[in-house]
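Notes follow once the structure below has been shown.
Residue numbers (the UniProt record's numbering): 1 to 373.
Encoded structure:
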C-alpha cells in the first residue's frame, strides 16, 4: 500500500475539516456537560453513556480522516488504483466497514444517554418501562446493523476485494434503510416525554419552552434527510469519489446529535441561581388525581439515595423570564412519627370513633421538587 496520500483537492479538505470540527465540538460539548453536572450534582448514567458516545465519535472521525490520508477518499477509484496501488482501495473498503461499525456504536450510546435522561427526569413506571424497552430495541438494531455490514457480501473478503468470486447485496439500499430507521427512532425519542410535559400544570408558554428544550434533537433531521437523498446516488465501483458527501453527512449526524443532547443541561454554566423553596407547581394527570411537588428537603435522608432518582424541572415564576432548566436533584424523603393527639381534635374524633384506640402512625413521604429562580 502507498504511504500517506497528499491532500490535493477540495473534497479531501472538506472531509478532514468536517471530521476535525466534529471531534472538537463534541469533546467541548461533553466536557461542558460534565462540568455543569458537577456544579449541581454527581454525574449519572446518562452522562457516562454520552462520554462513551464521544469516544466512539472520535474514533469514527479518525477513521474518516484515515480514509483521506490512506484510503484515497476524494479521488476517483481508477486514479487511486493507478497512483497509489490496489492496496489503497482495499484499505478504503475495510475502512468503510469500520466506519459503519463505529457509526452504529456512536448512535447507540447517544440514544441510550437520552433514554437514561428521560428515566431520571420523569421517573414514572410507564416512562421507565418505555425507556428500557426502547433502549433494548436500539441495542438490538445497532448490533444487527453491524452484523449486516459484515454479512452483506459473501465471502467476507468481497467487501473490500471485488475480484473475489461471490455475491453482494445492495449496499446503497442497506445504508438507506438504516438511515430511515434511524430517523424513525429519533422521532420516537423526541415524542416520548411530550405527553408528560403537556400535563404539567404551568402556563402554556412554559410548556412549549420545555417541549422545545427536549425537541432540540430535531436539528439532526435536516442532516439525515439530506443524506438520504444522497445515498441512492452512490456508485460503489467509484466509492472513493461518489461517497465523499455521504461520508461527511454520516459523520456529522451523530456528532450533532451528541452536541444537541448536551445543550439542555448546560445552563448551570451561565451563572449560579438561587431557587425559591415554595414553588407550587403541580404535575397534571388525565385523572382527577394530582401529584404535588413539595419543596422542603430532608437533609440527612437524601444523602444515601441515588441522585438520578429524581430530576427537577426548574421554571422561573417571574413573568419576565422564560428560562427552563433541567437539573438533577437528590432524592427527598421525610419520615414522620406521630400519634392521633398531634392530629387535632377533629382527626382524633374520627379515629376514635372507628375503633376507640389511639393508634400511632408512621408516615413516609416521597417528595419531588420544582424550584424557580
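No residue lacks a Cβ here, since even glycine has one placed at the ideal position from N, Cα and C.
{"Asked": "Drop a sphere of 10 angstroms on the beta-carbon of residue 5, count the other beta-carbons inside from all chains shown, and report buried for 16 or more, exposed for fewer.", "Found": "buried"}
{"Asked": "Would you check whether the ligand HEM has a heavy atom nearer than 6 Å to the C-beta of residue 34?", "Found": "This structure lacks the ligand HEM, and indeed carries no ligand of any kind."}
{"Asked": "Run through the DSSP bridge pairs and tell me what residue 440 is partnered with.", "Found": "Because residue 440 is not part of the residues shown, which for the chain are 1 to 373, the question remains open."}
{"Asked": "If we call anything under 7 Å between Cβ atoms a contact, is residue 190 one with residue 217?", "Found": "yes"}
{"Asked": "Under the assumption that residue 261 contacts residue 114 (Cβ atoms under 8 Å), give the Cβ distance between them as a whole number of angstroms.", "Found": "6 Å"}
{"Asked": "If you check the beta carbons only, do residue 121 and residue 266 fall under 7 Å apart?", "Found": "no"}
{"Asked": "For a quick check, are the C-beta atoms of residue 68 and residue 74 less than 7 Å apart?", "Found": "yes"}
{"Asked": "In the structure shown, what three-state DSSP assignment does residue 73 receive?", "Found": "coil"}
{"Asked": "Under DSSP, the alpha helix (DSSP H) around residue 103 begins and ends at which residues?", "Found": "86-121"}
{"Asked": "Which term fits residue 250, buried or exposed, when burial requires 16 or more other beta carbons within 10 angstroms of its beta carbon?", "Found": "buried"}
{"Asked": "Check whether the Cβ atoms of residue 210 and residue 197 sit closer than 7 Å, and answer yes or no.", "Found": "yes"}
{"Asked": "For my contact list, residue 43 and residue 55 are in at a C-beta cut-off of 8 Å; report their separation, rounded to the angstrom.", "Found": "The pair is not a contact, with the Cβ atoms about 15 Å apart (cut-off 8 Å)."}
{"Asked": "Near residue 118, what residues of its chain come up, given a Cβ to Cβ distance below 7 Å and the 5 sequence neighbours on each side ignored?", "Found": "127, 131, 192 and 193"}
{"Asked": "Tell me which residue opens and which closes the alpha helix (DSSP H) that residue 221 is part of.", "Found": "219-230"}
{"Asked": "Between the segment 145-153 and the segment 219-227, can you find at least three pairs of beta-carbon atoms closer than 8 Å?", "Found": "no"}
{"Asked": "At a cut of 8 Å, does the segment 158-172 reach the segment 93-106 through at least three beta carbon pairs?", "Found": "yes"}
{"Asked": "To which residues of the same chain is residue 111 closer than 7 Å at the C-beta, ignoring the five residues directly before and after it?", "Found": "138, 185 and 189"}
{"Asked": "Mapping DSSP to helix, strand and coil, what is residue 322?", "Found": "Interpretation of residue 322 is limited by its pLDDT of 38, a score under 50 that renders its predicted location unreliable; no figure is taken from the coordinates."}
{"Asked": "Identify the continuous alpha helix (DSSP H) that holds residue 239 and give its terminal residues.", "Found": "239-242"}
{"Asked": "DSSP three-state call for residue 15: helix, strand or coil?", "Found": "helix"}
{"Asked": "Quick check on the burial criterion: 16 or more other C-beta atoms within 10 angstroms. Buried or exposed for residue 39?", "Found": "exposed"}
{"Asked": "Using alpha carbons as the reference points, say which of 243, 146, 29 and 241 lies closest to residue 178.", "Found": "146"}
{"Asked": "Count the other C-beta atoms from every protein chain shown that fall within 10 angstroms of the C-beta of residue 70, then say buried if there are 16 or more, exposed otherwise.", "Found": "buried"}
{"Asked": "Just checking my contact of residue 107 with residue 64 at CB under 8 Å: how many whole Å lie between their CB atoms?", "Found": "Not quite, the Cβ-Cβ distance comes to about 15 Å (not below 8 Å), so this is no contact."}
{"Asked": "Taking C-beta to C-beta, are residue 3 and residue 240 nearer than 7 Å?", "Found": "no"}
{"Asked": "Expressed to the nearest angstrom, what Euclidean distance is found between the alpha-carbon atoms of residue 234 and residue 123?", "Found": "44 Å"}
{"Asked": "How many Å lie between residue 195 and residue 212 at the Cα?", "Found": "13 Å"}
{"Asked": "Can you tell me whether residue 4 is helix, strand or coil according to DSSP?", "Found": "coil"}
{"Asked": "With residue 228 and residue 180 assumed to form a contact (beta carbons below 8 Å), what rounded beta-carbon distance in angstroms separates them?", "Found": "7 Å"}
{"Asked": "So for residue 205, helix, strand or coil by DSSP?", "Found": "helix"}
{"Asked": "Express the C-alpha separation of residue 41 and residue 86 in angstroms, rounding to a whole number.", "Found": "54 Å"}
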